[in-house]
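Okay, structure first, notes after.
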Amino acid sequence: MRLKGKVAIITGGASGIGRATVHKFVREGARVLVADIDLKKAEEVVAEVAAEGFEGAAAAARVDVSQFVEVEATVAHAVELFGKLDVIFNNAGIAGGRPLLDHDPEIDYAPMIRIDQDGVYYGILAAGRQFREQGTGGVIISTSSIYGEQAAELAFSYSAAKAAVISFTRSAAYELAEFGVRAVAITPGRVGTPIINQFSEELKQTFSSEQLRGVLTEPEEIADVVAFLASDEANVINGTVVHVDDGYSSFKQRFALPTF
Ligand SMILES: NC(=O)c1ccc[n+]([C@@H]2O[C@H](COP(=O)([O-])OP(=O)(O)OC[C@H]3O[C@@H](n4cnc5c(N)ncnc54)[C@H](O)[C@@H]3O)[C@@H](O)[C@H]2O)c1
């Protein structure tokens, strides 16, 4: 068990990548606070975990990651419940967007930045302070995206927020190393979660073709990597980006080039 005895907060733990990671962490021996704006769904994940035989290994909490006081309270809550904090997975996020010139900044920019960017900053800050106080070190994993490294369709604000997550990760690793804290960002490609599953079969086919295996990534495949990154086996992975995109960022497009 990779995470035996560890305590983790997983934001956005009620769905998709976060939900799969809650299950993986618990199976690896961790205790997890499932922190999400959707408390009902977070509680359902806790019930799933209990039904799997891990009663008491997970608890649910409502948090809006765009509010620093709520993120601070979530960290305090995890410590109150489980006695300490070892890992935070800053994963909550929203996607979507409109063409830049159609933007209303209050609708198409501010909310995205508040959740996908500020939410990660708040998680790093609140958990970092807890790790310093404990004197135990800790691990900060944050979900960026392939869009954090490139321009993409309808993603002006999303790409900016996800790029900031990468920058935060580098800076946090640099600043918090003296407290034994590691920070890593992951960049998923096309993952079969509600964000993607809402689209037509045709569009999902296109998304699949953008990855080297030609399929959408399963959330569980991302969770496996996150569990490894959270474990002591990943101690040398620090201040960097781990691409979990099935090759998306390594090639442009498949097309039939005539032989010559
Ligand atoms: N699915 C993909 O293809 C993909 C690709 C790259 C990056 N990502 C990123 O992965 C992360 C997880 O996405 P997912 O695909 O699992 O989506 P999802 O919609 O299944 O899960 C996101 C979760 O975040 C929660 N959430 C939203 N706003 C919140 C807030 N203000 N405070 C707390 N919780 C909030 C939602 O309730 C939901 O449970 C996101 O950061 C997303 O940007 C996803």
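Residue numbering for the sequence shown follows this note's numbering, starting at 1 and increasing by one per position. The beta carbon of each residue, even a glycine, is placed where N, CA and C say it ideally should be.
Exposure of I107 is indicated by the presence of fewer than 16 other C-beta atoms within 10 angstroms of its C-beta. S15 and R2 have their C-alpha atoms some 23 Å from each other. Here G53 has no same chain residue with a Cβ atom under 7 Å from its own Cβ, once five neighbours each way along the sequence are excluded. Comparing alpha-carbon positions, the option among N235, P188 and A126 lying closest to I17 turns out to be P188. For A95, the shortest separation between its Cβ and any heavy atom of ligand 1 lies below 7 Å. Boundaries of the alpha helix (DSSP H) harbouring H23: G16 to R27, taken from the DSSP string.
In its chain, beyond the 5 residues on either side, V63, V65, Y122, G123 and A126 have a beta carbon closer than 7 Å to the beta carbon of V71. Closest option to R129, judged by alpha-carbon separation, among A76, V244, I196 and A230: A76. Non-local beta-carbon contacts of G83 in its own chain, meaning distances under 8 Å to residues more than five positions away in sequence, involve V7 in chain order. With the rule of 3 Cβ pairs closer than 8 Å, the region 39-46 does not count as touching the region 226-242. In the three-state reduction of the DSSP assignment, D224 falls in the helix class.
Spanning the alpha carbons of H103 and E55 requires a straight line of approximately 46 Å. Taking a cut-off of 8 Å on C-beta distances, the region 146-161 touches the region 173-191, as three or more cross pairs fall below it. F228 is the residue among F228, G96, P194 and V120 whose C-alpha sits nearest the C-alpha of A30.
Looking at the DSSP output, S142 bridges to N90 and A185.
Membership of L33 in the beta strand (DSSP E) is indicated by the continuous run R31 to D36. The three-state reading of DSSP puts I237 in coil, since its state is none of H, G, I, E or B. Taking R182 as reference, the option from E80, F168, G192 and P194 with the minimal CA-CA separation is F168.
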